[in-house]
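Chemist:
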Amino acid sequence: MRAQATRAAPVAPAGAYPPLPAAWAAQVEAALGPGVPGEVLFGCQYTNIDLTRDHMDCLNGLNWLNDEFINVTMGLLQQRELHRNPDHPRVHYFSTFFYQALYTDKKEYRFENVQRWTGNLPYALHDCDKIVVPIHLGMHWVLAVCDLKNKQLRYLDSMGGYEVDALRHIGRYIQDESGKHGGPEVDTSAWERSHDPRELQVPQQQNGSDCGVFMLTFAEFEVRRPARRAGARA
Numbered sequence: 000m001r002a003q004a005t006r007a008a009p010v011a012p013a014g015a016y017p018p019l020p021a022a023w024a025a026q027v028e029a030a031l032g033p034g035v036p037g038e039v040l041f042g043c044q045y046t047n048i049d050l051t052r053d054h055m056d057c058l059n060g061l062n063w064l065n066d067e068f069i070n071v072t073m074g075l076l077q078q079r080e081l082h083r084n085p086d087h088p089r090v091h092y093f094s095t096f097f098y099q100a101l102y103t104d105k106k107e108y109r110f111e112n113v114q115r116w117t118g119n120l121p122y123a124l125h126d127c128d129k130i131v132v133p134i135h136l137g138m139h140w141v142l143a144v145c146d147l148k149n150k151q152l153r154y155l156d157s158m159g160g161y162e163v164d165a166l167r168h169i170g171r172y173i174q175d176e177s178g179k180h181g182g183p184e185v186d187t188s189a190w191e192r193s194h195d196p197r198e199l200q201v202p203q204q205q206n207g208s209d210c211g212v213f214m215l216t217f218a219e220f221e222v223r224r225p226a227r228r229a230g231a232r233a
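Position one of the sequence shown corresponds to residue 0 (numbering that gives the first Met the number 0), numbered consecutively onward.
1) Compare the C-alpha of M128 against each of P121, V144 and M138 and name the closest.
2) Given this structure, state the Cα-to-Cα distance separating F217 from P183, to the nearest angstrom.
3) In this structure, does DSSP put Y122 in helix, strand or coil?
4) Answer yes or no: do H168 and Y108 have a C-beta to C-beta separation smaller than 7 Å?
5) Please say whether S208 and W63 have beta carbons closer to each other than 7 Å?
6) From D126 to S177, what distance separates their C-alpha atoms?
7) Which one of Y45, N47 and M55 has the shortest CA to CA distance from Q26?
8) Among residues of its own chain, excluding the 5 on either side of G170, which ones have a beta-carbon nearer than 6 Å to its beta-carbon?
9) Can the beta-carbon of V132 be found less than 7 Å from the beta-carbon of F93?
10) For E191, does the three-state DSSP call read helix, strand or coil?
11) Restricting to Cα atoms, I'd like to know which of Y161, E191 and D156 is closest to P202.
12) Any idea if H194 is buried or exposed, counting beta-carbon neighbours within 10 angstroms, 16 or more meaning buried?
13) Can you give the Cα-Cα distance for P121 and F41, rounded to whole angstroms?
14) What is the DSSP secondary structure of C127, reduced to helix, strand or coil?
15) Starting from R153, trace the beta strand (DSSP E) in both directions and tell me its first and last residue.
16) Within 10 Å of its beta-carbon, does T72 have 16 or more other beta-carbons around it, so buried, or fewer, so exposed?
17) According to the neighbour-count rule (16 or more other Cβ atoms, all chains shown, within 10 Å of its Cβ), is A189 buried or exposed?
18) Pick out whichever of G137, Y154, V185 and M138 has its Cα sitting closest to the Cα of K148.
19) For T46, collect the residues of the same chain with a Cβ closer than 6 Å to its Cβ; drop the 5 residues on either side in sequence, then sort them by chain order.
20) Do V113 and L101 have their CB atoms nearer than 7 Å?
What follows is the structure, given as structure tokens:
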């Protein structure tokens, strides 16, 4: 989904981020500049999605990130996991289509829709430390995180909201997935559920258009988040 920019995007303070190398900056400028809308600028083999100049326009101004850009980014994070640093937790990243299939527009939980999604992974899902699930709420992106190691379910929302059923559905999926694919018996009903942005130290967006950027940043940082004990503050 996309909204047209009505004003210039805020500029980060000098020194807030390391500068891009000149060659990278030139590529970014060229990708976001004028050109043929359907021109393919990046092909992601892992997701089989080609990002065109039209797709990349979501990064201009206050446009909303589109599904293609988000799924390519999640795919690149998942691809990185295949060559992960062994000192980092093992994280599995689902695409945006996962939760849409698990919990349908008819408000029905359908494990059978996703039971084959992990069949080709080089690891068992129950062997992961964390599972990351992007969720689209119609006009807003949030992130659900299942921390198998610490038996926690987290809901990260850059606008401080909470879709109460989301963590319940993710927890139920973990139980069904583990039972279906020969993992240990899992009961997530007693797992800690966290959604308070103050407790989880979740940064909050200052406008109505940046939720996709925040959600992807949360997803990327899950691989860096240190393990914490159940009941401890993040």
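The beta carbon of each residue, even a glycine, is placed where N, CA and C say it ideally should be.
Modeler: On the basis of the supplied data:
1) The question names Met, but residue 128 is Asp in the sequence shown. Comparing Cα positions, the closest option is V144.
2) 28 Å
3) coil
4) yes
5) yes
6) The C-alpha of D126 lies about 10 Å from the C-alpha of S177.
7) M55
8) L152 and T187
9) yes
10) strand
11) D156
12) buried
13) 26 Å
14) coil
15) Q151 to L155
16) With 16 or more Cβ atoms within 10 Å of its Cβ, T72 is classed as buried.
17) exposed
18) V185
19) Answer for T46: N70, V71 and G74, listed in chain order.
20) yes
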